[in-house]
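Engineer: Here it is: the structure, laid out below.
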Amino acid sequence: MHAAAIVAAAGSGSRLGADRPKALVPLAGRPLVCWAVDGLLAGGVTDVVVTVPPAERDAFAAALPAGVRLVDGGATRTASVRAGLAAAGPDADAVLVHDAARPLTPPDVVARVLAALATGARAVVPVLPVVDTTVVVDDDGVVADAVPRARLRRVQTPQGFDRATLVAAYAALDDAAELTDDAAVVRAAGIPVSTVPGDERAAKVTVPHDLTLAELQVAR
Ligand code: C5P
């Protein structure tokens, strides 16, 4: 199986409060996007496309290895992945879509996603259980309902797809649609999405505390 990956890295990362796009923020001295690409390559991906903020293309090119291709991202994550998909080689039979914001995703997670695709899944996501009590609140922040958590899962990346399935699902999606992940695009096209175990170390860096935790993780 030939697996290509799209790394969504075109976000601003305003919640991190950094002076540069989140994907270029250093973790132990290396930009987050470099860690994310390393994990994909170590897990079995052979071809990587990174979607970047157009104004920062040179900075990404300087940070990433020569074989990594860059494409301009869009205004939303959905638009960025759509652009990456157009560039992710037609010779690949599997495509993984990953967030640069998950820099320490263990290669084992990547390998589990690829293994599920190799055994016939058309779409697969890494997931973790929900450990906190989970509730629904009303407009005033008052608890309106509690959600049984046994069947709830938190969804991580990389998410893996049969390439033709993902291309068809994006083609069928409204141009203006904004979905938070790619499994939602495929589900909107009626394709079942399988799961494999995720990993807490694949946590997303969103706010400054997440970066502190990631620094501790690599210092161990
Ligand atoms: O904002 P959030 O952390 O959910 O973004 C997830 C990933 O999507 C990040 O790695 C970010 O760089 C990427 N993204 C993108 N294009 C956008 C917005 C976000 O590639 N327009």
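Numbering (the numbering used here), first residue to last: -18 to 201.
Positions of the beta carbon are idealized from the N, C-alpha and C atoms, including for glycine.
Which residues bound the alpha helix (DSSP H) around S61?
Structural biologist: R58 to A68
Engineer: Pairs of beta-carbons, one from the segment 27 to 39 and one from the segment 48 to 56, closer than 8 Å: are there three or more?
Structural biologist: yes
Engineer: Taking the straight line between their C-alpha atoms, what separation do you get for C15 and V123?
Structural biologist: Per the coordinates, the alpha-carbon of C15 lies some 42 Å from the alpha-carbon of V123.
Engineer: Is the beta carbon of A(-14) closer than 9 Å to that of P139?
Structural biologist: yes
Engineer: Is R130 helix, strand or coil by DSSP?
Structural biologist: Coil at R130, not helix or strand.
Engineer: What does the Cβ neighbour count give for T86, buried or exposed, with the cut at 16 atoms within 10 Å?
Structural biologist: buried
Engineer: Taking all protein chains shown into account, do 16 or more other C-beta atoms lie within 10 angstroms of the C-beta of E37, making it buried, or fewer, making it exposed?
Structural biologist: buried
Engineer: Using three-state DSSP, classify A170 as helix, strand or coil.
Structural biologist: coil
Engineer: Got a sec, what are the start and stop residues for the beta strand (DSSP E) D113 sits in?
Structural biologist: No beta strand (DSSP E) contains D113, which DSSP labels as neither H nor E.
Engineer: For the 8 Å Cβ check, are there 3 or more pairs between the segment 102 to 110 and the segment 55 to 71?
Structural biologist: no
Engineer: Taking the C-alpha atoms as reference points, what is the distance between G54 and A127?
Structural biologist: 38 Å
Engineer: Does at least one heavy atom of the ligand ZN sit under 8 Å from the Cβ of G(-8)?
Structural biologist: As far as ligands go, the structure on display features the ligand C5P and does not contain the ligand ZN.
Engineer: Along the chain, where does the beta strand (DSSP E) containing L22 start, and where does it finish?
Structural biologist: Run containing L22: none in the beta strand (DSSP E); it sits in the alpha helix (DSSP H), L13 to G24.
Engineer: Does the distance from the C-beta atom of A92 to that of G25 stay below 9 Å?
Structural biologist: The answer is yes: Cβ separation under 9 Å.
Engineer: Shortest alpha-carbon distance to S61 belongs to which of A157, Q198, D191 and L194?
Structural biologist: A157
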